[in-house]
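Following: one structure in structure tokens, then a few remarks.
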Amino acid sequence: MILQSIDHGRLFFTPLDREFESWYTLPKYNTTTLLLRIVSHPCAPGFAMLMGIGLVYFVRSRKALGWSDGRILYHSFVRGSILVAINIWQTWRRDISSGDETHGLFRLTVLHALGINYICSTAVLLWSLHLYMYLVRRLGRYDTSDTKIANQANVIQVSIILSLAFVFMVFNLLVVPLPVPEGIVPGYGWWRYLMYLPGTSQFFFSMYPSLTWLGMTIYGCALGLIMIKWKRSNSGYAKWNMVLSGGWVMLFPLVRAVGGFGNINPSLVGTDTSKSYPFLSSWNAFFNTIKYPPDLAFSSLFLAINHMYLSVFFLLPTEVNTTKFYMASLLDGPLMDFGRSALFFYVTHFLVFSNSADALGYFFPNLKNPNDHLDLNLWQFLLVWLALLCLLWWMCRLYARFKERQQPDSIFRFF
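Using UniProt numbering, the first residue of the sequence shown is number 1, and each one after it goes up by one.
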């Protein structure tokens, strides 16, 4: 989330090219810009995967409190709807007010996808819990060992959810047409852009449709079930995540080398000298993957990085003593404060960046380019970004403390 704010900051403080890595256009980045994109790309799949993991723990805790399936579904519907509503509020007429009337009234951002995926994944997870109970009853007819029955039911339950996640990941590869300008496909209704196709519809611009990231959230649900059903120590979880990271890492070059299946519209990269293996023509072509919607190359590379991050976090010491002062400050400082107020950070950082850019342009007009847009160089931008991140840390810390004092069902706890 913090790393993704680099991309959002560039929108306000640099003359960023507004093209994105989509099924109909693939920007040609220089090395620096490509590296910045690679740094921020793990965020969206990380959001989706971690939401799935967290959802498993949330459902387990609410079941322990006696919540019914209906109450859990209602809660998820309210929570997901709030994310969708914030998305529309944040982007309503934003493009029109900036002089761009081609992208409609609003955009579908990552909040829209997360909101819809939260609702859908809750339903899938609750269904899988009923499936587990059914499997236990069925398997109990043939075996008397409760441990063996439970283990077999767990394996089948997780396998089905993983298969469903893979189906949705592959779904992204099968539904996109050939590239067209602005992603406007003649004869395609708005519902396609709402459900699965990024691009420009009749009245909104779709970056994160409802279903294109659902596979990663369901994948996270499978991981959460594994973590609950087969518990490990922190070092065990670290090794497990490194194994998963290694598996996704090995899949990525295989998908790129094949060049066809797993890569959306390879023609966006191909040249006269590299038609057979377009992604092997340069490092830029190899790592510049399609994000909207995420193809299998994108998913494999950046899920691998997310698992690597998780492995590192599981290895961090948690004891608080004088010899580990700096580590304790980190764990009880920025990481915890941003993590405990993630949605608050996401909503607020746009406002902070926008107002700061206006103020910077007003007091230092020499930082603007001839198009009246801020044009900070890389080091200026990173310095401003870090300064604003410190401000946001303080704001998130205050909000996290405020949130802790609210009731369990308070809307403020959703942020």
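We put the beta carbon where it would ideally sit given N, CA and C, even for glycine. Since the model is a prediction, treat every value here as computed from it, not as a measurement.
Cβ shell of residue i (< 7 Å), same chain only, five flanking positions each side left out
i: residue 406; result: 412, 413
i: residue 345; result: 1, 338, 392, 396
i: residue 6; result: 36, 39, 40, 385
i: residue 260; result: 266
i: residue 232; result: 240
i: residue 152; result: 139
Those residues which DSSP pairs with residue i across a bridge
i: residue 20; result: Paired residue(s): none; residue 20 is not in a bridge.
i: residue 368; result: 374
i: residue 108; result: 206
i: residue 292; result: 22
Residue i, buried or exposed, once every other Cβ within 10 Å from all chains shown has been counted against 16
i: residue 366; result: exposed
i: residue 387; result: exposed
i: residue 213; result: buried
i: residue 235; result: exposed
i: residue 322; result: Confidence at residue 322 is low in this model, with a pLDDT of 48, below 50, so its placement is unreliable and no value can be given for it.
i: residue 130; result: exposed
i: residue 273; result: Any reading at residue 273 needs caution, since the residue's pLDDT is 45, under 50, leaving its predicted position unreliable; the model's value is listed next. With fewer than 16 other Cβ atoms within 10 Å, it is exposed.
i: residue 72; result: buried
i: residue 149; result: buried
i: residue 295; result: buried
i: residue 48; result: buried
i: residue 498; result: Lying before the first or after the last residue shown, residue 498 is absent from the chain, which here runs from 1 to 415.
i: residue 181; result: exposed
i: residue 10; result: buried
i: residue 187; result: exposed
i: residue 45; result: buried
i: residue 145; result: exposed
i: residue 70; result: exposed
i: residue 306; result: buried
i: residue 424; result: Given that the chain is displayed from residue 1 to residue 415, the structure contains no residue 424 and the question cannot be resolved.
i: residue 14; result: buried
i: residue 132; result: buried
i: residue 250; result: exposed
i: residue 244; result: buried
i: residue 289; result: buried
Own chain, CB closer than 8 Å to residue i, minus 5 neighbours either side, in chain order
i: residue 124; result: 161, 164, 218, 221
i: residue 12; result: 353, 354, 356, 357, 374
i: residue 246; result: 304
i: residue 158; result: 222, 225, 226, 229
i: residue 195; result: 209, 210, 211
i: residue 97; result: Caution is warranted here: a pLDDT of 47 is assigned to residue 97, below 50, making its placement in the model unreliable, and no coordinate value can be reported.
i: residue 258; result: none
i: residue 118; result: 51, 55, 76, 79, 80, 83, 217
i: residue 107; result: 87, 91, 94, 95, 204, 205, 206, 207
i: residue 360; result: 13, 367, 374, 384
i: residue 402; result: 412
Limits of the alpha helix (DSSP H) - the one that residue i falls within
i: residue 63; result: 43-64
i: residue 1; result: It is not in any alpha helix (DSSP H) - residue 1 carries neither H nor E in the DSSP assignment.
i: residue 14; result: From DSSP, residue 14 is part of no alpha helix (DSSP H); its letter is neither H nor E.
i: residue 334; result: 334-340
i: residue 414; result: Residue 414 -> no alpha helix (DSSP H), and no H or E assigned at all.
i: residue 40; result: 31-40
i: residue 79; result: 69-91
i: residue 284; result: 283-287
Cβ neighbours of residue i in the same chain (closer than 6 Å, five flanking residues each side left out)
i: residue 203; result: 104, 105
i: residue 22; result: 198, 292
i: residue 143; result: 149
i: residue 113; result: 208, 213
i: residue 30; result: none
i: residue 110; result: 44, 208
i: residue 399; result: 341, 344
i: residue 310; result: 241
i: residue 115; result: 80, 83, 84
i: residue 168; result: 214, 215
i: residue 42; result: 302, 305, 306
i: residue 25; result: 19
Chain D contact for residue i (CB, 8 Å cutoff)
i: residue 125; result: This model lacks chain D altogether, as it is built from one protein chain only.
Entirely enclosed alpha helix (DSSP H) segments - the region 164-241, minimum 4 residues: Runs of the alpha helix (DSSP H) inside the region 164-241: 190-195, 214-229.
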